[in-house]
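Numbering of the sequence shown is given in the working numbering, commencing with residue 102 and proceeding in unit increments. In what follows, a single structure is set out as structure tokens and then discussed.
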Amino acid sequence: MFKKSLLAVALGVAAFGANAATTSATPSVVSLEGAVGQTTVAVPELTINLAAEYAVGDTFTITLTGAEFDTTSNPAITFSGFTNNPTVGLLSKTATTATFRVTAVPSPVEVFSGKNFLLNGALLKTTTVTDAAGDIKLTYAAKTSTGLDLDNVGTATSTVVTSKAQLSSSVTKLLNGVIDVENERKQFTAGNDTITTDVLEVTPVVATAGTHDAAYTGATHVIKGDFSWMDTDGTTGVSATELAAAFKATGTADTYTSTINTAGDAITVTVADAAGNTAEAMTATFTVLGKANSKAPILSTQKFTVDSTIKYNTAAGTASTKAMASASAGSWTLNGFDENIVFMPFGTQYAQSINVSNTGSVAGAITVDITADGKTYTKTLTATATPKATTNISQEVKAFAAESGVTGNAHIKVVVNSPTADIDVTGVYYSKSDADRVKTK
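As structure tokens, this is what we get:
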């Protein structure tokens, strides 16, 4: 009989040592943007399923990670599964902990194991929720009145709040025009959107959070690049009429208003939400005149970026904005070779040496742009880039500069309708006054 009693006690102790409380909760998903300005963020109910017996004086601590409790937080314990409830009181609290003590047990004595403590009334400090995306968790640990671990073999942790960014924006279709050298660089090659259009698509997204959602009210997209080609009347800057002819932003329902800055390097599209707080993709269509139009300007290779800002109201009704990181909006490339000679002087006191080398097997037409005093002059030369040879274009370029009235410092772009890998350009000028030769490319 004595041995059986010892065995029963041993089994009971072993079972007790193996037991551990578990926790569970239905996490709330909180909008990082929408929750701004909320007084507090409520913690959903945490269920603690007990796996040990508790006595008067035992304590348990609930520890918060990922945020802080608000100073007004008043956490309390209720119960489920008990016929007669014990009494549990809040012993102490800090920014990240709440400690409770069992002050009375049910009478008649009732088994705790398998029944639940329920944590309610906990509130989070809003700024500690909205400062970063991530999971906010509560961990349960208990001790006997003598300080021994109780009911916590392992770790009982549950996510109670997930904070996430609700607003984002991305480029879902890049500009990808290929400027056609065979059509005087005034339009695109076939295979683009069309030979005179290139389309950019920017898509803002307002994800569903669930708690304290932000409400979309509009957006601003600033597209950056060199839009001087839109100026077709020769006056300074791109007018509203010229912008409307060369650029159009549209969507399914919202209202779009476009403007361009004086420098001609930034187009701002303002989007006003039509109704329903629903974000939509912006389709921005760039239209060039094309070779068939006598006013068509030469297009330049370049890269584009877009800076997007989403407008929204917080759950508290405050109008706010969220700026997105600058994103690539694509590029315009050339179906041939182009190279810049950044400095080449002209005039009676200078001589020039400009050569085009072609190591490939495809002959290419050569076009030069001479830019001086803010004006650009373009000509397709008589000379061509002969395969497996070096072509000297110095005299043609010099004559073209003279007939264009260019004297002094100039910038030269050389464009060759041949594969890029096969072409190389060198530029040297000779100063007659001091017999100095300078290679500028």
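We put the beta carbon where it would ideally sit given N, CA and C, even for glycine. Everything numeric in this text was worked out from a predicted model, so none of it was measured.
Work out the CA separation of residue j and residue i for me, nearest whole Å.
i      : j      : result
Ala177 : Thr200 : 10 Å
Gly167 : Leu239 : 9 Å
Thr204 : Ala233 : 39 Å
Ala243 : Thr141 : 28 Å
Ala452 : Thr351 : 53 Å
Thr179 : Leu219 : 5 Å
Leu276 : Val469 : 26 Å
Ala522 : Thr460 : 9 Å
Thr333 : Lys396 : 6 Å
Phe438 : Thr356 : 41 Å
Buried or exposed for residue i, going by 16 or more other Cβ atoms inside 10 Å?
i      : result
Gly248 : exposed
Asn150 : buried
Pro209 : exposed
Ser462 : exposed
Thr195 : exposed
Val306 : exposed
Leu107 : Confidence at Leu107 is low in this model, with a pLDDT of 33, below 50, so the placement of that residue should be treated as unreliable; the coordinate-derived value is given next. Leu107 is exposed by the Cβ-count criterion.
Val144 : buried
Lys489 : exposed
What residues match up with residue i in a beta bridge as DSSP calls it?
i      : result
Ser174 : Looking at the DSSP assignment, Ser174 forms no beta bridge with any residue, so it has no partner.
Glu302 : Lys274, Thr384
Ile513 : Ile442, Ile471
Gln450 : Answer is none; Gln450 lacks a bridge partner.
Asp250 : Lys244
Ser259 : Leu239
Ala320 : Val372, Ile411
Ser395 : None; Ser395 has no bridge partner.
Ile524 : Asn459
Asp537 : Ser532
Trp433 : Gln403
Compare the beta carbon distance of residue i and residue j with 7 Å and say whether it is the shorter of the two.
i      : j      : result
Glu283 : Lys392 : no
Phe405 : Gly326 : yes
Thr198 : Thr164 : yes
Asp550 : Thr318 : Any property of residue 550 remains undetermined from this structure, which presents the chain solely from 102 to 542.
Leu268 : Ile411 : yes
Tyr530 : Pro398 : no
Thr541 : Ile442 : yes
Val515 : Val526 : yes
Ala310 : Ser421 : no
Ile324 : Leu344 : no
Ser290 : Asn436 : Here the sequence assigns Thr to residue 290, which means Ser is not the residue at that position. Yes, they are a contact pair.
At least one CB of chain B closer than 7 Å to the CB of residue i: is that the case?
i      : result
Val279 : Judged by its chain identifiers, the structure shown contains no chain B, having just a single protein chain.
task: Examine the Cβ distances between the segment 329-349 and the segment 298-316 and report whether three or more of them are shorter than 8 Å.
output: no
- prompt: If you pair each beta-carbon of the segment 420-427 with each one of the segment 494-513, do three or more pairs fall below 8 Å?
  reply: no
message: Would the segment 502-516 count as touching the segment 473-485 if we require 3 or more Cβ pairs under 8 Å?
response: yes
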